[in-house]
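In the numbering used here, the protein residues as written are 1309 to 1452.
Next comes the structure, spelled out in structure tokens:
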């Protein structure tokens, strides 16, 4: 994936971060739960889960937000430097990490760190370090 740094606008990034924080805070205040995406999605797959409507609305909002944004401004181009197999492997590794870490980057990184949860602080440090190491290995050691 590559990012067009010349097109980076800090104000829209700041607004996006503020909206993520606001949505997570509202979800916690209204539902008394952390807005971890993997947990929300996983609970929707369970037949007897509570609050299905709120969870579905939250996840639907995640899917519709870029479409709404696209009505006002062009979405940035996204280019993945790997094929379908690489994306499938990456998705599986993220899913495995989510299960072992008892939560995803949104649950630990956004909601857990803001609550100063020690488990979330450690989990966030671990997945950030793993991400840095993966990029270093793929970009510097394997490109030979």
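For every residue, glycine included, the Cβ atom is placed at its ideal position computed from N, Cα and C.
So what's residue i in DSSP terms, helix, strand or just coil?
i: residue 1387; result: coil
i: residue 1421; result: helix
i: residue 1358; result: coil
i: residue 1413; result: helix
i: residue 1341; result: coil
i: residue 1451; result: coil
i: residue 1381; result: coil
i: residue 1317; result: coil
i: residue 1353; result: coil
By how many angstroms is the C-alpha of residue j removed from the C-alpha of residue i?
i: residue 1391; j: residue 1338; result: 41 Å
i: residue 1324; j: residue 1361; result: 24 Å
Less than 8 Å between the CB atoms is what I'm expecting for residue i and residue j, so what's the real figure, rounded?
i: residue 1431; j: residue 1403; result: Wrong, their Cβ atoms sit about 15 Å apart, outside the cutoff.
i: residue 1440; j: residue 1405; result: So it is not a contact: roughly 14 Å between Cβ atoms.
Quick check: does the Cβ of residue i come within less than 7 Å of any heavy atom belonging to the ligand COA?
i: residue 1447; result: For the ligand COA, the structure offers nothing, since it holds no ligand at all.
Any contact between the stretch 1410-1423 and the stretch 1338-1350? By contact I mean 3 or more CB pairs, one from each, below 8 Å.
yes
Could you tell me whether the stretch 1322-1334 touches the stretch 1417-1427, where touching means 3 or more Cβ pairs closer than 8 Å?
yes
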